[in-house]
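For the sequence shown, the residue numbers in this note's numbering are 29 to 346.
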Amino acid sequence: MAETTKDHTQIEINPPPPLRLSIDSIPDEYGKEQRVPFFGHLLRRKRENTWVISLFIIGHLVAFAATMIVNDCWQNSHGDCLLKPLGRLSFQPLSENPLLGPSASALDAMGALRQTLMTKHHKFWSVFTSPWLHAGVVHLIINLSSVVFVGIHLEQEFGAFRIGIIYIISAISGSLVATLFLRDRPSVASPGALFGLLGAMLSGLIRNWKLYSDKFAALVAILSISVINLVLGLLPYVDNFANIGGFISGFLLGEKLDRPVLRSVSLVLFSLLLAGVIVAAVHGVNLNKYCGGCQYVDCVPSKWWSCSDKLMHCEVSS
Numbered sequence: 029m030a031e032t033t034k035d036h037t038q039i040e041i042n043p044p045p046p047l048r049l050s051i052d053s054i055p056d057e058y059g060k061e062q063r064v065p066f067f068g069h070l071l072r073r074k075r076e077n078t079w080v081i082s083l084f085i086i087g088h089l090v091a092f093a094a095t096m097i098v099n100d101c102w103q104n105s106h107g108d109c110l111l112k113p114l115g116r117l118s119f120q121p122l123s124e125n126p127l128l129g130p131s132a133s134a135l136d137a138m139g140a141l142r143q144t145l146m147t148k149h150h151k152f153w154s155v156f157t158s159p160w161l162h163a164g165v166v167h168l169i170i171n172l173s174s175v176v177f178v179g180i181h182l183e184q185e186f187g188a189f190r191i192g193i194i195y196i197i198s199a200i201s202g203s204l205v206a207t208l209f210l211r212d213r214p215s216v217a218s219p220g221a222l223f224g225l226l227g228a229m230l231s232g233l234i235r236n237w238k239l240y241s242d243k244f245a246a247l248v249a250i251l252s253i254s255v256i257n258l259v260l261g262l263l264p265y266v267d268n269f270a271n272i273g274g275f276i277s278g279f280l281l282g283e284k285l286d287r288p289v290l291r292s293v294s295l296v297l298f299s300l301l302l303a304g305v306i307v308a309a310v311h312g313v314n315l316n317k318y319c320g321g322c323q324y325v326d327c328v329p330s331k332w333w334s335c336s337d338k339l340m341h342c343e344v345s346s
């Protein structure tokens, strides 16, 4: 009996493992929302197919290849080309196009914006074609790299349909704004769509400012991409006013649907601005007449390139 009472079942109770808390999983005081990284939180989500951005990238590449084929520097510029071994795809001289690209006449043929073509020849369809064009290889690489970086993030965050709409509307809106500051030289408006994405990204960042843990890093990314592409706009053929118009459109269209009042205000404001720009563009308004310094926003003259409205002799097809 004594032996029975001495036999006790020994049960080992192990202490629970220590909790591993990351900075992003610690809730704020008083039960506020958890903070997540602006870019990094998408890496932990299931990857979605970013087919819309991929489709736009393919479209831009096809348009640039077609532009270089139409340019045919070897024949139309009598062999005065850069990288002559490329033959038909060789580039115009750097003094004519510092971005390693086609001539002004080739951009005109592909549907770039130009004052005389809009006012005298009434080629208003160039509002829809210029957002697909790039001024050169340098412009193409920087712009599309920025679109991939920003666009994939936004498409995974907000979905393909919404980002596709913002991309297209921002591109056309930027092109319309560019028509108000045109000079008699070709301008491409492809960065307008990129700045629309940047505007939508900034809108989302401001709206959820307290939610993100790396908001200042996101601001630096947005600012860096904007500055790099705005600097490109100071070179010939790239329109900086399209960037401004695209950015405003993307910012106003980036408001989420779950805030109906703010969303309605943004849509009304966007509609009014768009209507005003369309009316001004149809009536051929040229704001350069009232803004003498605006020409330097679009192109800064240099000893390495020209911002004049005159065609160079090597740009004219033989």
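All C-beta atoms, glycine included, are put in the ideal place defined by N, C-alpha and C.
Would you mind working out which of the options sits nearest residue i, comparing C-alpha positions?
i, options, result
"residue 318", "83, 210, 250, 140", "210"
"residue 111", "151, 165, 265", "165"
"residue 183", "138, 308, 80, 206", "80"
"residue 186", "101, 122, 228", "228"
"residue 200", "158, 170, 252", "158"
"residue 301", "276, 316, 135, 260", "276"
"residue 322", "261, 297, 190, 274", "261"
"residue 294", "149, 282, 305", "282"
"residue 215", "139, 97, 252, 126", "139"
"residue 78", "168, 87, 169, 188", "188"
"residue 125", "291, 163, 305", "163"
"residue 265", "314, 181, 235, 217", "217"
"residue 232", "336, 122, 287", "287"
"residue 143", "120, 313, 320", "313"
"residue 174", "316, 258, 291", "258"
In terms of residues, what are the limits of the alpha helix (DSSP H) holding residue i?
i, result
"residue 120", "Segment: none, residue 120 is in no alpha helix (DSSP H) and carries neither H nor E."
"residue 195", "188 to 207"
"residue 317", "Segment: none, residue 317 is in no alpha helix (DSSP H) and carries neither H nor E."
"residue 157", "154 to 157"
"residue 129", "Taken as a continuous stretch (DSSP letters only), residue 129 belongs to no alpha helix (DSSP H), as it is neither H nor E."
"residue 102", "101 to 104"
"residue 144", "143 to 147"
"residue 224", "219 to 235"
"residue 334", "That residue, residue 334, is in no alpha helix (DSSP H); it is neither H nor E in DSSP."
"residue 270", "268 to 281"
"residue 25", "Residue 25 is absent from the structure shown; the chain starts at 29 and stops at 346."
"residue 291", "288 to 310"
"residue 326", "323 to 326"
Kindly give me the distance between the Cβ atoms of residue i and residue j, rounded to whole angstroms, as I take these residues to be in contact under 8 Å.
i, j, result
"residue 203", "residue 117", "In fact, because the Cβ distance is near 26 Å, the residues do not count as touching under 8 Å."
"residue 212", "residue 267", "Actually they do not touch by this definition, with Cβ atoms about 14 Å apart."
"residue 161", "residue 95", "6 Å"
"residue 172", "residue 256", "At roughly 13 Å, the Cβ-Cβ gap does not stay under 8 Å, so residue 172 and residue 256 are not in contact."
"residue 205", "residue 269", "5 Å"
"residue 137", "residue 208", "Residue 137 to residue 208, Cβ: 24 Å. No contact."
"residue 191", "residue 226", "About 12 Å; that fails the 8 Å criterion."
"residue 181", "residue 127", "Wrong, their Cβ atoms sit about 26 Å apart, outside the cutoff."
"residue 263", "residue 333", "7 Å"
Count the other CB atoms, across all protein chains shown, that sit within 10 Å of the CB of residue i; report buried if there are 16 or more and exposed otherwise.
i, result
"residue 198", "buried"
"residue 83", "exposed"
"residue 279", "buried"
"residue 289", "exposed"
"residue 153", "exposed"
"residue 311", "exposed"
"residue 89", "exposed"
"residue 58", "Caution applies to residue 58, whose pLDDT of 43 falls short of 50 and renders its modelled position unreliable; the value that the coordinates give is listed next. The residue is exposed, with fewer than 16 neighbouring Cβ atoms inside 10 Å."
"residue 348", "Since the displayed the chain opens at 29 and closes at 346, residue 348 lies outside it and no answer follows."
"residue 324", "exposed"
"residue 273", "buried"
"residue 155", "buried"
"residue 170", "buried"
"residue 296", "exposed"
"residue 123", "exposed"
"residue 305", "buried"
"residue 345", "Low confidence applies here, because residue 345 scores a pLDDT of 42, under 50, leaving its location unreliable and the question unanswered by this model."
"residue 244", "exposed"
Taking CB distances under 7 Å as the criterion, tell me whether residue i reaches chain B.
i, result
"residue 163", "Looking at the structure shown, chain B is missing, and only one protein chain is on hand."
- [ ] Would you check if there are 3 or more beta carbon pairs closer than 8 Å linking the stretch 189 to 198 to the stretch 218 to 226?
- [x] yes
Open item on the list: With three or more C-beta pairs closer than 8 Å as the rule, is the stretch 240 to 249 touching the stretch 113 to 127?
Closed with: no
Open item on the list: With a threshold of 8 Å, are at least 3 pairs of Cβ atoms found where one atom belongs to the stretch 118 to 132 and the other to the stretch 98 to 109?
Closed with: yes
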